[in-house]
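Going line by line, the protein sequences match chains L and P.
Just so you know, we're using the numbering used here here: the first sequence kicks off at 1 and counts up by one.
Just so you know, we're using the numbering used here here: the second sequence kicks off at 1001 and counts up by one.
Where is the CB? At the ideal position from N, CA and C, for every residue including glycine.
In what follows, a single structure is set out as structure tokens and then discussed.
There are 2 protein chains.
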Amino acid sequence: MNNPGGIGSKLSELGYRLTPQRMMILSAIESSDDHVSAEEIYAQVVAKYSNVNISTVYRTLELLKRLGLVTETDMGEGRVRYHPADKGHHHHLVCKECGAIINLTESVMAPVKDTLLREYKFIADLEHLAIFGRCINCSK
Amino acid sequence: MNNPGGIGSKLSELGYRLTPQRMMILSAIESSDDHVSAEEIYAQVVAKYSNVNISTVYRTLELLKRLGLVTETDMGEGRVRYHPADKGHHHHLVCKECGAIINLTESVMAPVKDTLLREYKFIADLEHLAIFGRCINCSK
DNA sequence: TGAATTATTGAAATAAATTTCAATTGAGAC
DNA sequence: GTCTCAATTGAAATTTATTTCAATAATTCA
């Protein structure tokens, strides 16, 4: 739960309280291999520990996002999904036609990141992007 | 209102009805030099022509978006903004710290678009992007 | 023209995310 | 240990966006 190097220990290092609610939420995010939505996290947490409010889930996610401990991605489903930042960065190609999701290595955005830094002195946050468009099958 | 080459004439060319509601909505989008939100469009339209429903505004925007006549951008304000596609494509750098918005030429994303097409056969929709990060003043 | 069909609209319900504010909890000071 | 104060939480309200579905409007075809 409060494993060294995990999100939990980083939170307390930074001076935030590690409340039971937060521990449950962190555990739900970390134990998931996939990208989870706020609702899914809430459902998991409530199952074990009923006194957690959905707004606490959102607030915790907001905090983790601000601290860079989780990344947020809008996959175009009308809800946002979260992923622990330390489990590796990657992007997704989302086909607007058939909904297919293609994973993408982080390096694809590296040239853009460099250009923005060089020409605009802007540190772009391109850690976990969803790029919309049409996949090969749908563009024929 | 139904000026040649405008969004309105394109809609009717494509076989969609040019209802009074749609004409008002189109006019509000086209007359705006800036990026407008659905609520702003609705406010403008209702002022002149009260029998328009907010859901018609959303539906019309959805239609225009699907037809590629307007582009949609989430500038991180918790609401989405729209812009006529024929008024030129561009991107925005949005500073997460101070909220500054820096305009960006479309060409910055061209290398990525090419790579995705070449390596993934994916036609990426990179017409009006908001890229989040930290501007020069806030990253010191 | 008039009937049939289809597109479009309005009103209200719904959903995800966020905000507000009072109540509670926990951490450090004394 | 207990007091104080800031951080955190829960409940409910709010906001933006979307969906549903019956009613209405417009177009097509006979």
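CB contact check: residue i to chain L, cutoff 7 angstroms
i	result
P:Leu1117	no
P:Ala1038	no
P:Lys1048	no
P:Ser1055	no
P:Lys1140	no
P:Ile1123	yes
P:Leu1093	yes
P:Ile1136	yes
P:Asp1086	no
Burial state of residue i (16 or more Cβ within 10 Å)
i	result
L:Lys113	buried
L:Lys140	exposed
L:Ala28	buried
P:Ala1038	buried
P:Thr1105	exposed
P:Arg1081	buried
L:Arg118	exposed
P:Tyr1049	exposed
Short Cβ contact (7 angstroms threshold) for residue i with residue j
i	j	result
L:Leu69	L:Ile123	no
L:Tyr77	L:Arg134	Reading off the sequence, residue 77 of chain L comes out as Glu, not Tyr. No. Outside cutoff.
L:Ile25	L:Val46	no
P:Val1094	P:Ala1130	yes
L:Ile101	L:His90	no
P:Thr1060	P:Arg1017	no
Amino acids of chain P, ordered along the chain, whose beta-carbon sits closer than 8 angstroms to that of residue i
i	result
L:Val70	In chain order: nothing, as chain P lies at least about 15 angstroms away.
Interface flag, residue i vs chain P, CB-CB below 7 angstroms
i	result
L:Cys98	no
L:Ser12	no
L:Met1	Residue confidence is low: L:Met1 scores 42 on pLDDT, short of 50, so the model does not pin down where it sits. Its coordinate-derived value is still stated next. Not an interface residue.
Closest Cα partner of residue i within the set the options
i	options	result
L:His128	L:Glu72, L:Val52, L:Ile54, L:Tyr49	L:Glu72
P:Thr1019	P:Val1080, P:Glu1030, P:Val1057, P:Asp1034	P:Val1057
L:Ser32	L:Met23, L:Gly15, L:His83	L:His83
P:Leu1067	P:His1090, P:Ile1136, P:Leu1014, P:His1091	P:Leu1014
L:Leu11	L:Glu40, L:Leu64, L:Ile102	L:Leu64
L:Asp74	L:Asn137, L:Phe132, L:Ile41, L:Lys48	L:Phe132
L:Asn103	L:Gly88, L:Ala43, L:Ser55	L:Gly88
P:Arg1079	P:Ser1055, P:Glu1040, P:Val1052	P:Glu1040
Residues that residue i contacts on chain L, provided the C-beta gap is smaller than 9 angstroms
i	result
P:Val1112	Val108, Met109, Pro111, Val112, Ile131
Within chain L, the residues that residue i reaches when beta carbons sit closer than 8 angstroms
i	result
P:Tyr1058	By Cβ distance, chain L contributes nothing, its closest Cβ being about 13 angstroms from P:Tyr1058, past 8 angstroms.
Per-residue contacts from residue i into chain P (C-beta, under 7 angstroms)
i	result
L:Arg81	Simply none; closest approach about 15 angstroms.
Neighbouring residues, chain P, relative to residue i (Cβ below 9 angstroms)
i	result
L:Ile102	Tyr1120, Phe1122
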